[in-house]
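Asker: Here the sequence shown stands for residues 1312 to 1560, numbered as in my numbering.
In this text, a Cβ means the ideal position worked out from N, Cα and C, and glycines have one as well.
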Amino acid sequence: MSVVDEIYRNNRNRASIGSSRRSRPVISLKESVEEKNSKGRLGLIAEFKKRSPSGFESKGLVSTTSYFGKLDLSKLAGLSVLTEPDRFGGSWDDLAESQPFNIPLLAKDFFDSENMIRDAYFCGADSVLLIADFMKGERLAALAESASEYGMDALIEFHDFESAERIPVHDNVIVGYNRRNLRTMKMESREKEAAEMFDRKDVPFILESGIDSTNARTMDFTGFSGLLVGSSIINGESVVDVLQSRGLL
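(1) Given that a residue counts as buried once 16 or more other Cβ atoms are within 10 Å of its Cβ, and exposed if not, what is proline 1415?
(2) Would you decide whether asparagine 1413 is buried or exposed? Buried here means 16 or more other CB atoms lie within 10 Å of its CB.
(3) Is it buried or exposed for aspartate 1464, if we count other Cβ within 10 angstroms and need 16 for buried?
(4) In the DSSP assignment, what are the bridge partners of glycine 1354?
(5) Per DSSP, what kind of secondary structure is methionine 1427 in: helix, strand or coil?
(6) Thinking C-alpha only, which one of Ile1428, Arg1490 and Phe1509 is nearest leucine 1454?
(7) Compare the C-alpha of aspartate 1482 against each of Ala1475, Glu1460 and Ser1474 and name the closest.
(8) Measuring alpha carbon to alpha carbon, tell me which of Asn1324, Val1486 and Met1508 ends up nearest proline 1396.
(9) According to DSSP, which residues form a beta bridge with arginine 1491?
(10) So who's on the other strand from serine 1391, going by DSSP bridges?
(11) For threonine 1376 and valine 1392, which I take to be in contact (beta-carbon distance under 8 Å), what is that distance rounded to the nearest angstrom?
(12) Is it right to say arginine 1515 is buried, meaning 16 or more other beta carbons lie within 10 angstroms of its own, or is it exposed?
(13) Use the C-beta contact count for valine 1540: other C-beta atoms within 10 angstroms, 16 or more gives buried, fewer gives exposed.
(14) Going straight from the alpha carbon of glutamate 1548 to that of threonine 1525, what length do you get?
(15) Applying the 10 Å Cβ sphere with the 16-neighbour rule, what's the burial state of arginine 1352?
(16) So the candidates are Leu1355, Ser1536, Glu1358 and Leu1493; which of them puts its Cα closest to the Cα of tyrosine 1319?
(17) How many Å lie between isoleucine 1517 and glycine 1354 at the Cα?
(18) Under the DSSP definition of a beta bridge, which residues are partnered with valine 1484?
(19) Could you pull the DSSP bridge partners for alanine 1438 from this structure?
(20) Assuming alanine 1443 contacts serine 1474 under a Cβ cut-off of 8 Å, what Cβ separation, rounded to an integer in Å, is found between them?
(21) Which residues in the same chain have their Cβ closer than 8 Å to the Cβ of leucine 1559, if we skip the five residues on either side of it in sequence?
(22) If you follow the beta strand (DSSP E) that glutamate 1519 is part of, which residue opens it and which one closes it?
(23) Touch check for the stretch 1423–1438 and the stretch 1355–1368: three-plus C-beta pairs under 8 Å?
(24) Can the beta-carbon of serine 1369 be found closer than 8 Å to that of isoleucine 1545?
(25) Based on Cα-Cα distance, which residue from Gly1521, Asp1404 and Asp1471 lies nearest to serine 1568?
(26) Just verifying my parser: in three-state terms, what is the DSSP assignment at glutamate 1476?
(27) Do valine 1314 and methionine 1446 have their C-beta atoms within less than 8 Å of each other?
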């Protein structure tokens, strides 16, 4: 059983949110990315996470408020918050406390139920992550629809190309290609192939995982609407500066 399969199995033990902690209306991540694109820029999503099964562990990262407060939000299309507790050290509190930044919030977790979608909304999410590699098409469609009922977008990511065929067509859907194989936790960089095979031009397409200040200098982002970057920005790498120097932000 992979780490991700284990996380999904343990979702049943997670307590639901009793009452809403939402403090503001939904802000569309999809529209935010599209707005950046209309200006010739990539929609950059900066991520907050404390650790991950791939071996990452933040050094001294205490809260979303202290971390996001140091970023130039004008360069960003959104913020991503890891809320999975056991393997990533996240919490719903991390998400709820990020609402005052008034920028689209992506709840990054291993969503597999309508109750989890509701909890994300209650804690301030504007969009939720769904992982196509681990779900059937009908379930992806149902959860994307559940997010839509709360006015939220769904970022549906894939790594296995066959999984991309299961991604539903919904107005609230954003699609992502994860360079990391979540079954093995290894990086398998096929982003060029992913961009070539993805033909839904009306849907924002986000490149995820392993983007750092070195490969950001030369990586071809043609075909992608935005990037989701976590570890390298957290570690103080100059990814934002590199992307800006290329005229991408």
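Answerer: If we stick to the structure as given:
(1) buried
(2) exposed
(3) buried
(4) Gly1537
(5) helix
(6) Ile1428
(7) Glu1460
(8) Asn1324
(9) Met1498
(10) Glu1358 and Leu1417
(11) Between valine 1392 and threonine 1376 the Cβ distance is about 11 Å, and since that is not below 8 Å, they are no contact.
(12) The sequence shown places proline at residue 1515, rather than the arginine named in the question. Result: buried.
(13) buried
(14) 9 Å
(15) buried
(16) Leu1493
(17) 8 Å
(18) Ala1465
(19) With the sequence shown as reference, residue 1438 is identified as serine, and alanine is not the correct amino acid for it. Leu1417 and Asp1464.
(20) 4 Å
(21) Arg1352, Leu1353 and Phe1532
(22) 1516–1519
(23) no
(24) yes
(25) In the structure displayed, the chain extends from 1312 to 1560; residue 1568 sits before or after that span and is not available.
(26) coil
(27) no
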